[in-house]
Amino acid sequence: MTKSDTSKRRIVFCDFDGTITINDNIIAIIKHFNPEGWESLAERTISTELSIKEGVGSLFRLLPASMKDDVVSFGISNVRIRDGFAEFIAYCREQNIDFYVTSGGIDFFVYPVLSQFEIPQDHIYCNGSDFSGERIEILWPHPCDGHCTNDCGMCKTTIMRGFPEDQYERIIIGDSVTDFEGAKLADKVYSRSHLTTKCKELGLPHTEFETFHDIIAAMNEERKSSS
Ligand SMILES: [Mg+2]
Ligand SMILES: [Zn+2]
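The working numbering numbers the first residue of the sequence shown as -6 and each following residue consecutively.
Encoded structure:
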């Protein structure tokens, strides 16, 4: 299989927190509202004692649902978009590359933040939220399939398996260890931060980026060298 296999449709799976955005929004929200006990839950999640699903679910359960307006508006206003993202969306459209967001983030900040870009709603995968009870409850509409036992919450590899490798050239863009399983399935990996470290440790081919301009440049280079 070559990188320029024209019989396959190119598809991008792009992470949100720390990839499309500069910062990690879930931790920023929890830190800002600072509910009693969040630090130990965060530590136990980072150390993988808790799954991402258990960790994120319990972190938000520390916040009363009555704080909805404050939590939502902080979540949206806290986001900073990484340079070149709008240009990358336009580039994908021009190059006929399918663009999907695969985010472990929550609907109440992911959708509003992405609404300024031309991304169809059904190309955005993230977790949900329910403010109707006493506490904020995170909902998990995209759980792990039978091939994944990580209890991801929003399972990136499950989404990727919906786009089989014999039909798609799968490209993943991400920044953290939670993107690594997807990176293993992908034909091409664009990485920054912890994902780069992990790819290096385990010898997985990857291209480092800092802005989306870097990814456009790398993709153009590859087209040139393969044509
Ligand atoms: Mg991330
Ligand atoms: Zn999973």
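For glycine and all other residues, C-beta sits at the position ideal for the given N, C-alpha and C.
Quick caveat: nothing in here was measured; it's all calculated off a predicted structure.
Pairing Ile209 with Ile166, the inter-Cα distance amounts to about 12 angstroms. In this structure, the alpha-carbon of Arg216 lies about 11 angstroms from that of Gln88. In this structure, ligand 1 has a non-hydrogen atom nearer than 7 angstroms to the beta-carbon of Ser169.
Beta-bridge analysis with DSSP links Cys7 to Val94 and Ile166. His206 and Asp91 have their C-alpha atoms some 18 angstroms from each other.
The beta carbon of His199 sits closer than 6 angstroms to those of Val182, Ser184 and Cys192, all from its chain and outside the five residues before and after it, given in chain order. DSSP places Lys181 in the uninterrupted beta strand (DSSP E) bounded by Lys181 to Ser184. For Asp123, the pairing in a beta bridge is given by DSSP as Glu130. Ile4 sits close to Phe156, with the two beta carbons spaced by under 8 angstroms. The region 167 to 174 makes no contact with the region 69 to 86: fewer than 3 CB pairs, one atom from each, lie closer than 8 angstroms.
In the three-state reduction of the DSSP assignment, Pro57 falls in the strand class, which pools E and B. At least 8 angstroms separates the beta-carbon of Met147 from that of Arg163.
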